[in-house]
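Residue numbers (my numbering): -1 to 179.
So, in C-alpha coordinates, the structure goes:
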(Lines of atoms letter the chains of each structure in order from A and count residues from 1; the text may use other names and numbers.)
(Lines give C-alpha, C1' and ligand atoms only; values in the text may rest on other atoms or scores of the structure.)
Protein backbone atom coordinates (compact mmCIF):
# COMPACT_ATOMS: atom_id res chain seq x y z
CA UNK A 1 0.00 0.00 0.00
CA UNK A 2 1.19 3.51 -0.68
CA UNK A 3 0.11 6.48 1.39
CA UNK A 4 0.86 10.03 0.27
CA UNK A 5 0.66 13.29 2.20
CA UNK A 6 1.44 16.80 0.95
CA UNK A 7 3.12 18.88 3.68
CA UNK A 8 3.68 21.64 1.09
CA UNK A 9 1.54 22.37 -1.93
CA UNK A 10 0.34 25.29 -4.00
CA UNK A 11 -3.29 26.37 -4.00
CA UNK A 12 -3.53 26.12 -7.79
CA UNK A 13 -1.44 25.15 -10.80
CA UNK A 14 -0.52 28.77 -11.54
CA UNK A 15 1.27 29.25 -8.20
CA UNK A 16 5.07 29.04 -8.25
CA UNK A 17 5.67 27.17 -4.99
CA UNK A 18 6.78 23.58 -4.68
CA UNK A 19 4.48 20.63 -4.20
CA UNK A 20 6.24 18.24 -1.85
CA UNK A 21 4.84 14.78 -1.22
CA UNK A 22 5.64 12.40 1.62
CA UNK A 23 5.29 8.71 0.77
CA UNK A 24 5.16 5.64 2.98
CA UNK A 25 4.75 2.13 1.65
CA UNK A 26 3.37 -0.74 3.68
CA UNK A 27 2.80 -4.42 3.02
CA UNK A 28 -0.83 -5.48 3.21
CA UNK A 29 -2.03 -8.78 4.60
CA UNK A 30 -3.83 -9.43 1.30
CA UNK A 31 -4.13 -7.85 -2.16
CA UNK A 32 -6.39 -4.80 -2.35
CA UNK A 33 -7.12 -2.07 -4.86
CA UNK A 34 -8.39 1.21 -3.45
CA UNK A 35 -7.83 4.86 -4.17
CA UNK A 36 -9.25 7.41 -1.75
CA UNK A 37 -8.32 10.90 -0.67
CA UNK A 38 -9.17 11.67 2.94
CA UNK A 39 -8.09 14.33 5.41
CA UNK A 40 -5.46 13.17 7.90
CA UNK A 41 -7.71 14.23 10.77
CA UNK A 42 -10.40 11.80 9.57
CA UNK A 43 -7.89 8.95 9.76
CA UNK A 44 -6.67 10.00 13.21
CA UNK A 45 -10.23 10.31 14.52
CA UNK A 46 -11.21 6.90 13.15
CA UNK A 47 -8.07 5.24 14.55
CA UNK A 48 -8.73 6.74 17.99
CA UNK A 49 -12.32 5.47 17.84
CA UNK A 50 -11.30 1.96 16.73
CA UNK A 51 -8.49 1.66 19.28
CA UNK A 52 -10.89 2.37 22.14
CA UNK A 53 -12.71 -0.89 21.37
CA UNK A 54 -11.45 -3.99 23.25
CA UNK A 55 -11.44 -6.11 20.07
CA UNK A 56 -9.09 -3.60 18.41
CA UNK A 57 -6.20 -5.20 20.29
CA UNK A 58 -6.10 -7.96 17.65
CA UNK A 59 -6.74 -6.11 14.42
CA UNK A 60 -9.37 -4.00 12.74
CA UNK A 61 -10.51 -2.86 9.33
CA UNK A 62 -12.20 0.42 8.61
CA UNK A 63 -13.36 2.17 5.49
CA UNK A 64 -13.14 5.88 4.78
CA UNK A 65 -15.01 7.60 2.00
CA UNK A 66 -13.12 9.93 -0.31
CA UNK A 67 -14.22 13.42 0.73
CA UNK A 68 -11.46 15.70 -0.44
CA UNK A 69 -10.52 17.44 -3.66
CA UNK A 70 -7.13 19.09 -3.46
CA UNK A 71 -4.80 20.38 -6.19
CA UNK A 72 -1.86 18.19 -5.18
CA UNK A 73 -3.85 14.97 -5.70
CA UNK A 74 -3.47 15.45 -9.46
CA UNK A 75 0.33 15.60 -9.20
CA UNK A 76 1.88 12.25 -10.06
CA UNK A 77 5.59 11.61 -9.67
CA UNK A 78 7.15 8.97 -11.93
CA UNK A 79 6.93 5.37 -10.72
CA UNK A 80 9.98 4.19 -12.68
CA UNK A 81 13.23 5.50 -14.10
CA UNK A 82 14.71 6.73 -10.82
CA UNK A 83 18.50 7.11 -10.93
CA UNK A 84 20.55 7.64 -7.77
CA UNK A 85 22.45 10.93 -8.04
CA UNK A 86 24.01 11.52 -4.63
CA UNK A 87 23.44 11.16 -0.89
CA UNK A 88 22.91 13.94 1.63
CA UNK A 89 23.66 13.72 5.35
CA UNK A 90 20.72 13.89 7.74
CA UNK A 91 22.29 16.81 9.63
CA UNK A 92 22.34 18.88 6.42
CA UNK A 93 18.66 18.20 5.68
CA UNK A 94 17.69 18.91 9.29
CA UNK A 95 19.70 22.15 9.24
CA UNK A 96 18.04 23.29 5.99
CA UNK A 97 14.61 22.59 7.50
CA UNK A 98 15.42 24.56 10.67
CA UNK A 99 16.85 27.52 8.74
CA UNK A 100 13.81 27.57 6.46
CA UNK A 101 11.40 27.57 9.40
CA UNK A 102 13.27 30.50 10.95
CA UNK A 103 13.41 32.39 7.65
CA UNK A 104 9.67 31.97 7.04
CA UNK A 105 8.85 33.03 10.61
CA UNK A 106 11.10 36.10 10.43
CA UNK A 107 10.01 37.15 6.93
CA UNK A 108 6.23 36.91 7.18
CA UNK A 109 4.82 40.04 8.84
CA UNK A 110 2.40 39.58 11.76
CA UNK A 111 -0.72 40.66 9.91
CA UNK A 112 -0.32 39.62 6.31
CA UNK A 113 -2.70 38.27 3.71
CA UNK A 114 -2.63 34.68 2.50
CA UNK A 115 -1.19 35.42 -0.96
CA UNK A 116 1.83 37.26 0.48
CA UNK A 117 2.50 34.51 3.03
CA UNK A 118 2.17 31.88 0.28
CA UNK A 119 4.65 33.77 -1.91
CA UNK A 120 7.20 33.95 0.94
CA UNK A 121 6.80 30.23 1.72
CA UNK A 122 7.11 29.36 -1.98
CA UNK A 123 10.35 31.36 -2.21
CA UNK A 124 11.91 29.75 0.88
CA UNK A 125 10.77 26.15 0.32
CA UNK A 126 11.26 26.19 -3.46
CA UNK A 127 14.94 27.17 -3.27
CA UNK A 128 17.53 24.44 -4.01
CA UNK A 129 19.56 23.36 -0.99
CA UNK A 130 22.64 23.08 -3.21
CA UNK A 131 23.48 23.44 -6.89
CA UNK A 132 24.16 19.77 -7.64
CA UNK A 133 21.26 17.88 -6.05
CA UNK A 134 18.38 20.17 -7.16
CA UNK A 135 16.58 19.22 -3.92
CA UNK A 136 14.19 21.99 -2.87
CA UNK A 137 14.41 23.14 0.75
CA UNK A 138 10.79 22.06 1.13
CA UNK A 139 11.84 18.43 0.64
CA UNK A 140 14.23 18.73 3.59
CA UNK A 141 11.42 20.37 5.61
CA UNK A 142 9.05 17.50 4.76
CA UNK A 143 11.61 14.76 5.50
CA UNK A 144 12.35 16.27 8.91
CA UNK A 145 8.75 17.16 9.73
CA UNK A 146 7.36 13.75 8.80
CA UNK A 147 9.95 12.01 10.98
CA UNK A 148 11.63 10.28 8.04
CA UNK A 149 15.20 11.17 9.10
CA UNK A 150 17.43 9.19 11.45
CA UNK A 151 20.37 10.84 13.18
CA UNK A 152 23.61 10.21 11.28
CA UNK A 153 21.84 8.74 8.24
CA UNK A 154 23.01 9.36 4.68
CA UNK A 155 19.86 9.93 2.61
CA UNK A 156 20.04 8.83 -1.04
CA UNK A 157 18.79 11.33 -3.65
CA UNK A 158 17.22 10.04 -6.86
CA UNK A 159 16.12 11.84 -10.04
CA UNK A 160 13.57 10.95 -12.71
CA UNK A 161 11.88 13.09 -15.37
CA UNK A 162 12.39 16.43 -13.59
CA UNK A 163 11.52 15.01 -10.16
CA UNK A 164 13.73 14.46 -7.12
CA UNK A 165 13.23 11.84 -4.39
CA UNK A 166 14.80 11.58 -0.94
CA UNK A 167 14.60 7.98 0.30
CA UNK A 168 15.25 7.31 3.96
CA UNK A 169 14.59 4.12 5.87
CA UNK A 170 11.28 5.57 7.17
CA UNK A 171 9.80 7.04 4.00
CA UNK A 172 10.26 8.98 0.80
CA UNK A 173 9.86 12.64 -0.10
CA UNK A 174 9.12 13.54 -3.72
CA UNK A 175 9.13 16.94 -5.39
CA UNK A 176 9.81 18.60 -8.71
CA UNK A 177 13.46 19.61 -9.00
CA UNK A 178 14.23 23.08 -7.64
CA UNK A 179 14.61 25.69 -10.36
CA UNK A 180 16.45 28.40 -8.41
CA UNK A 181 19.23 28.52 -5.83
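Using N, Cα and C, we set each Cβ at its ideal position, and we do this for glycine too.
State buried or exposed for residue i, treating a residue as buried only when at least 16 other CB atoms are found within 10 Å of its CB.
{"i": "residue 163", "result": "buried"}
{"i": "residue 49", "result": "exposed"}
{"i": "residue 36", "result": "exposed"}
{"i": "residue 75", "result": "buried"}
{"i": "residue 29", "result": "exposed"}
Between which two residues does the beta strand (DSSP E) holding residue i run?
{"i": "residue 172", "result": "169 to 174"}
{"i": "residue 152", "result": "152 to 158"}
{"i": "residue 1", "result": "0 to 6"}
{"i": "residue 162", "result": "161 to 166"}
Would DSSP call residue i helix, strand or coil?
{"i": "residue 80", "result": "coil"}
{"i": "residue 95", "result": "helix"}
{"i": "residue 16", "result": "coil"}
{"i": "residue 199", "result": "Outside the shown range of the chain, which is -1 to 179, sits residue 199, and nothing can be said about it."}
Which residue marks the beginning of the alpha helix (DSSP H) containing residue i, and which one marks its end?
{"i": "residue 113", "result": "112 to 124"}
{"i": "residue 44", "result": "38 to 49"}
{"i": "residue 143", "result": "135 to 143"}
Could you name the residues of the same chain whose beta carbon sits closer than 8 Å to that of residue i, not counting the 5 residues immediately before and after it, in chain order?
{"i": "residue 18", "result": "4, 5, 6, 7, 123, 134, 136, 137, 139, 140, 171, 172, 173"}
Using a Cβ-Cβ cut-off of 7 Å (strictly less than) and excluding sequence neighbours within five positions of residue i, which residues of its own chain qualify?
{"i": "residue 81", "result": "156, 157, 158"}
Can you name, in chain order, every residue of its own chain whose Cβ lies under 6 Å from the Cβ of residue i, other than the five neighbours on each side?
{"i": "residue 106", "result": "115, 118"}
Is the number of C-beta pairs between the stretch 140 to 157 and the stretch 88 to 102 that are closer than 8 Å three or more?
yes
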